[in-house]
Amino acid sequence: MPKIMPCLWIDDRIEEMVNFYVKTFKDAEIHKVDRYPDGRVLTITFRLRDQEFMALNGGPQFKFTEAISFTVDCDGQEEVDYLWDTLVADGGEESQCAWLKDKYGLSWQIVPRQLTQALAGSDRAGAGRAMQAMFQMKKIIVADIEKAYAGR
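Just so we're aligned: the sequence shown equals residues 84 to 235 in my numbering.
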């Protein structure tokens, strides 16, 4: 068990939510399911890529907020498009600058490596242009970030 593991408080849709995430992230698996005495799911421990999570079926008292989000490092536009489109489907919401909220209310940042590289690039003027381009986007478009960094 990892030393620090996020615990996601969810209502009775716990199995639906975890199965959605495990299906969405190709390198993912469910590790353990614990149940209340009445048979309902209490917790599910699962992994998305290299991050362990616990989902807790705690009831409707608490909702996710944008105060917590999970950043996903993506390798190019194809991965960004797949994750973005999948996570906003069926009631999710797009936000600005790579942020979105999925249909369960959990916030994600879908960030291509090319954006991170441009923002940290040695050409500080190019990094500034890339940042300004990012501010105009919801889903990050890699080609537009690269053009802005290059000054085209």
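No residue lacks a Cβ here, since even glycine has one placed at the ideal position from N, Cα and C.
Remember, predicted model here, so these are calculated numbers, not experimental data.
Q. Just the Cα atoms here: how many angstroms apart are Leu202 and Asp95?
A. In the sequence shown, residue 202 corresponds to position 119, counting from 1. In the sequence shown, residue 95 corresponds to position 12, counting from 1. Distance between Leu202 and Asp95, taken at the CA atoms: about 41 Å.
Q. Do Leu189 and Leu91 have their CB atoms nearer than 8 Å?
A. The residue you call residue 189 lines up with position 106 of the sequence shown. The residue you call residue 91 lines up with position 8 of the sequence shown. In contact: Leu189 and Leu91 (Cβ atoms closer than 8 Å).
**Q.** Buried versus exposed, by CB contacts within 10 Å (16 or more), Tyr104
**A.** Walking along the sequence shown from the start, residue 104 turns up at place 21. Buried is the call here.
(Q) Going by beta-carbon coordinates alone, are Leu166 and Gly175 separated by less than 8 Å? (A) Taking the sequence shown and counting its residues from 1, the one referred to as residue 166 is at position 83. Taking the sequence shown and counting its residues from 1, the one referred to as residue 175 is at position 92. Not a contact, by the Cβ cut-off of 8 Å.
Q: Please determine if the region 217–224 and the region 149–169 are in contact, where contact requires at least 3 C-beta pairs separated by less than 8 Å.
A: yes
Q) Whose C-alpha, out of Ala181, Pro85 and Gly204, is nearest the C-alpha of Gln134? A) Locating residue 134 in the sequence shown gives position 51, counting from the first residue. Looking at the Cα atoms, Pro85 is the closest of the given residues.
Q) Residue ranges of each beta strand (DSSP E) run of no fewer than 3 residues wholly in the region 162–192, ordered along the chain? A) 182–184
Q | Which listed residue (Asp121, Ser205, Val155 and Ala208) has its alpha carbon closest to that of Arg196 | A | Counting from one through the sequence shown, the residue named residue 196 turns up at place 113. The shortest C-alpha separation from Arg196 is found at Val155.
Q) So, using beta-carbon positions, are Phe218 and Cys180 closer together than 8 Å? A) By one-based count along the sequence shown, residue 218 stands at place 135. By one-based count along the sequence shown, residue 180 stands at place 97. Their beta carbons are under 8 Å apart, which means Phe218 touches Cys180 by this criterion.
Q. What's the gap between the Cα of Asp206 and the Cα of Ile97?
A. Residue 206 sits at position 123 when you count from the first residue of the sequence shown. Residue 97 sits at position 14 when you count from the first residue of the sequence shown. Distance between the alpha carbons of Asp206 and Ile97: 46 Å.
Q: Would you mind working out which of Thr169, Gln200 and Gly204 sits nearest Trp191, comparing C-alpha positions?
A: Looking up residue 191 in the sequence shown gives position 108. Measuring from the Cα of Trp191, the nearest candidate turns out to be Thr169.
Q | Helix, strand or coil at Arg96 according to DSSP, with G and I counted as helix | A | One-based indexing of the sequence shown puts residue 96 at position 13. Looking at Arg96 - three-state DSSP - the assignment turns out to be coil, as it is neither helix nor strand.
Q. Secondary structure at Thr107, three-state DSSP: helix, strand or coil?
A. Residue 107 sits at position 24 when you count from the first residue of the sequence shown. Three-state result, Thr107: helix.
Q: Would you list the residues sitting across from Pro195 in a DSSP beta bridge?
A: As a position in the sequence shown, residue 195 is number 112, starting the count at 1. Cys157, per the DSSP bridge assignment.
Q: Give the range of the alpha helix (DSSP H) segment to which Ala208 is assigned.
A: Locating residue 208 in the sequence shown gives position 125, where the first residue counts as 1. Counted as a single uninterrupted DSSP element, the alpha helix (DSSP H) harbouring Ala208 occupies residues Arg207 to Phe218.
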